[in-house]
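*Asks:*
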Amino acid sequence: MGARLKPAAIEQIVTAGNLHVRRHHMATRMPQFPKDRVAGLIDAIVKADGPTGEEKGPAFTEGAARDGRLLVGTKGMGCVNCHGAAGAKSLGMPSVDLTVQYERLRWPWFRQLMLDPAKANPGTRMPGFWTDGNIIYKDVAGGTVEGQIAAIWAYLSLGRSMAPPAGVRPEGAGMELIAIDDPIIHRTFMAEVGPRAITVGFPDNLNIAFDANTVRLAKAWRGRFFDAKGMWEGRGGTANGPLGTDVINMPPGPAIAVLDSPDAPWPRAKDRNDRNVGGAFRGYRLDKKQQPIFMYRLGTVEVEEQPLPVLKENGVGLARRFALSAKGEPPSPGLYCLLAAGAKIERGSAAGEWRVDDKVTVRLKAPDDPKPVVREKDGTKQLVLPVNFDPEGKATFAVETSW
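In terms of the working numbering, the sequence shown has 131 at position 129, counting the first letter as 1, and numbering is strictly consecutive.
In structure tokens:
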């Protein structure tokens, strides 16, 4: 057990019972022991049966995590035939859920399990997938055994933020919209957003809601996307909210605004019927991956804003890419972007990084060296970026948000 499980996982299993894994086929349950009585035992297990090999494991990359998701699903090696994942049960006889395995397992033991399941875990029914080094999916994760094992590990590292692999569907999903291969774009009435909400569910387990009424990105959340039942069943009339967790609200008002002075109030909708506060909405177009790019016009400036998922170890964040163009006319003077708002905004540990209310981290990425300013209006602090155009009347920058 010391070689297989991380020390924190051993402690949780021994002191909190079946916290990580519930083996439904077993009648006996793990008892819960007082932490102060078993602390020495836990340390002894780790020392007596520690891991062999490199403990750290392969570096995380977005590409590896996506390849791992493919391999786990029915379009790959079909791990979901036995393992549940991301809130969904397995397709057949249930084994342990994959969602929490990165929290539990040490990398050296996991790698050995993948290479030779029967040797690492005697008596297991798990088959080998790379017998004699044979590669079935030669165009995935570099087409190597080590690359594919590392990809599965990267996917597992997303934990409860992992997107469902192909082939599974949460229990009782009903009219729930689930993005598996491509983003889902769903226009609907949405609670706290309005009657012209454009919701987007990405396969990477990130979801956003854009308010086409006031022209602003309104919400982002992780996990399950949206239940269409509120508007699709019967005569509709129920405006649902996000179905997932970790919901964050974007700052009130539009992202881009023209201010009469650097100290002028940021524009906000007066009521739910106040439209085009953030400019004239011009719809959206799709990129090659079917991801939407929202378009709107503010004065003489055309704005394209694209929200995208950013996969990171232990979670997924939000990137917003902005591309502004004056279309041959002088840019509107006093153009600003509202990057964040909260009761407290402090500089982060890295360049271009700020912490908001000790919860949200905002990172600014731009080709030049822009200087955002923190200002206070109506009892709220705002992180505001003056938008500077190049000689061709263009401006590009990106804002990455993690929480």
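Just so you know, even glycine gets a beta-carbon here, dropped at the ideal spot from N, CA and C.
Given this structure, state the Cα-to-Cα distance separating residue 243 from residue 264, to the nearest angstrom.
*Replies:* Those two C-alpha atoms are separated by around 35 Å.
*Asks:* Near residue 282, what residues of its chain come up, given a Cβ to Cβ distance below 7 Å and the 5 sequence neighbours on each side ignored?
*Replies:* Closer than 7 Å at the Cβ level, and outside the excluded window around residue 282, lie 298 and 299.
*Asks:* What's the call for residue 351, buried or exposed, on a 16-neighbour Cβ count within 10 Å?
*Replies:* With fewer than 16 other Cβ atoms within 10 Å, it is exposed.
*Asks:* Alpha carbon to alpha carbon, how far is residue 303 from residue 6? Give it in angstroms, no decimals.
*Replies:* Distance between the alpha carbons of residue 6 and residue 303: 57 Å.
*Asks:* Ends of the alpha helix (DSSP H) at residue 113?
*Replies:* Taken as a continuous stretch (DSSP letters only), the alpha helix (DSSP H) holding residue 113 covers 109–117.
*Asks:* In whole angstroms, give me the CA-to-CA distance for residue 140 and residue 147.
*Replies:* Cα to Cα, residue 140 sits roughly 10 Å from residue 147.
*Asks:* Under a three-way DSSP split, which group does residue 385 fall into?
*Replies:* It is a strand residue.
*Asks:* Tell me which residues share the same chain as residue 87 and place their Cβ nearer than 7 Å to its Cβ, disregarding the 5 neighbours each side in the sequence.
*Replies:* Same-chain partners within the cutoff: 74, 99, 100, 101, 164, 166, 167 and 170.
*Asks:* If we ignore side chains and look at the alpha-carbon of each, how far apart do residue 401 and residue 83 end up?
*Replies:* Approximately 39 Å, taken between the alpha carbons.
*Asks:* Am I right that residue 37 and residue 17 are in contact with their C-beta atoms under 8 Å? What's the rounded C-beta distance?
*Replies:* Between residue 17 and residue 37 the Cβ distance is about 5 Å, and since that is below 8 Å, they are a contact.
*Asks:* Let me confirm a value: residue 177 is counted as buried when at least 16 other C-beta atoms fall within 10 Å, else exposed. Which label applies?
*Replies:* Counting Cβ neighbours within 10 Å, residue 177 comes out exposed, since fewer than 16 surround it.
*Asks:* Evaluate contact between the region 198–208 and the region 305–315, counting only Cβ atoms and requiring at least three cross-stretch pairs below 8 Å.
*Replies:* Yes, the region 198–208 is in contact with the region 305–315.
*Asks:* So the beta strand (DSSP E) residue 221 belongs to, where does it begin and stop?
*Replies:* From DSSP, the beta strand (DSSP E) with residue 221 extends over 218–224.
*Asks:* Output the boundary residues of the alpha helix (DSSP H) element that contains residue 9.
*Replies:* Start and end: 9–18.
*Asks:* In the DSSP output, what is residue 2 paired with across the bridge?
*Replies:* The chain is shown only over 3 to 405; residue 2 falls outside these bounds and no answer can be derived.
*Asks:* Which of the three DSSP states, helix, strand or coil, is assigned to residue 76?
*Replies:* Three-state result, residue 76: coil.
*Asks:* DSSP on residue 315, reduced to helix/strand/coil?
*Replies:* Coil, per DSSP.
*Asks:* Pop quiz: residue 268 and residue 340 are said to be a contact at Cβ under 8 Å. What is the actual Cβ separation, rounded to whole angstroms?
*Replies:* About 6 Å; that satisfies the 8 Å criterion.
*Asks:* Applying the 10 Å Cβ sphere with the 16-neighbour rule, what's the burial state of residue 292?
*Replies:* So residue 292 ends up on the exposed side.
*Asks:* From the DSSP output, in three-state form, read off residue 297 for me.
*Replies:* Note: residue 297 maps to strand in three-state DSSP.
*Asks:* Is DSSP giving residue 157 helix, strand or coil here?
*Replies:* Here residue 157 sits in helix by DSSP.
*Asks:* If residue 111 and residue 59 are in contact, beta carbons under 8 Å, what's the gap, nearest whole angstrom?
*Replies:* In fact, because the Cβ distance is near 11 Å, the residues do not count as touching under 8 Å.
*Asks:* Over the uninterrupted beta strand (DSSP E) stretch that includes residue 343, give me the two end residues.
*Replies:* Element bounds for residue 343: 337–344.
*Asks:* How many angstroms separate the CA atom of residue 95 from the CA atom of residue 81?
*Replies:* One C-alpha to the other measures close to 12 Å.
*Asks:* At a cut of 8 Å, does the region 39–53 reach the region 124–136 through at least three beta carbon pairs?
*Replies:* Taking 8 Å as the limit for Cβ pairs, the verdict is that the region 124–136 does not touch the region 39–53.
*Asks:* Taking the alpha carbon of residue 259 as the reference point, which residue from 201, 280 and 200 has its own alpha carbon closest?
*Replies:* Ranking the options by Cα distance to residue 259, first place goes to 280.
*Asks:* Using only the alpha-carbon positions, how far apart do residue 235 and residue 241 sit?
*Replies:* Computed Cα separation, rounded: 12 Å.
*Asks:* Which same chain residues end up closer than 6 Å to residue 396 when comparing Cβ atoms and leaving out the 5 residues on each side of it in sequence?
*Replies:* Same-chain partners within the cutoff: 327.
*Asks:* Is residue 238 buried or exposed, if buried means 16 or more other CB atoms sit within 10 Å of its CB?
*Replies:* It counts as exposed.
*Asks:* If distances are taken between C-alpha atoms only, which option among 39, 89, 384 and 255 comes closest to residue 272?
*Replies:* Selected option, being the one with the closest Cα: 255.
*Asks:* With a threshold of 6 Å on Cβ separation, who are the neighbours of residue 355 within its own chain once the five nearest residues in sequence on each side are excluded?
*Replies:* If we look at residue 355 and ignore the five residues flanking it on each side, its Cβ neighbours are 365.
*Asks:* Taking its Cβ as the centre, do 16 or more other Cβ atoms sit within 10 Å of residue 1, making it buried, or is it exposed?
*Replies:* This structure cannot settle anything about residue 1, because the visible part of the chain is limited to 3 through 405.
*Asks:* Per DSSP, which one or two residues make a beta bridge with residue 212?
*Replies:* Partner(s): 200 and 219.
*Asks:* When you compare the CB positions of residue 277 and residue 190, do they come within less than 8 Å of one another, or not?
*Replies:* Taking 8 Å as the Cβ cut-off, residue 277 and residue 190 do not qualify as a contacting pair.
*Asks:* Considering only their Cβ atoms, is the gap separating residue 359 from residue 344 smaller than 8 Å?
*Replies:* Result yes, Cβ atoms of residue 344 and residue 359 sit closer than 8 Å.
*Asks:* What does residue 133 pair with, by DSSP beta-bridge criteria?
*Replies:* Answer is none; residue 133 lacks a bridge partner.
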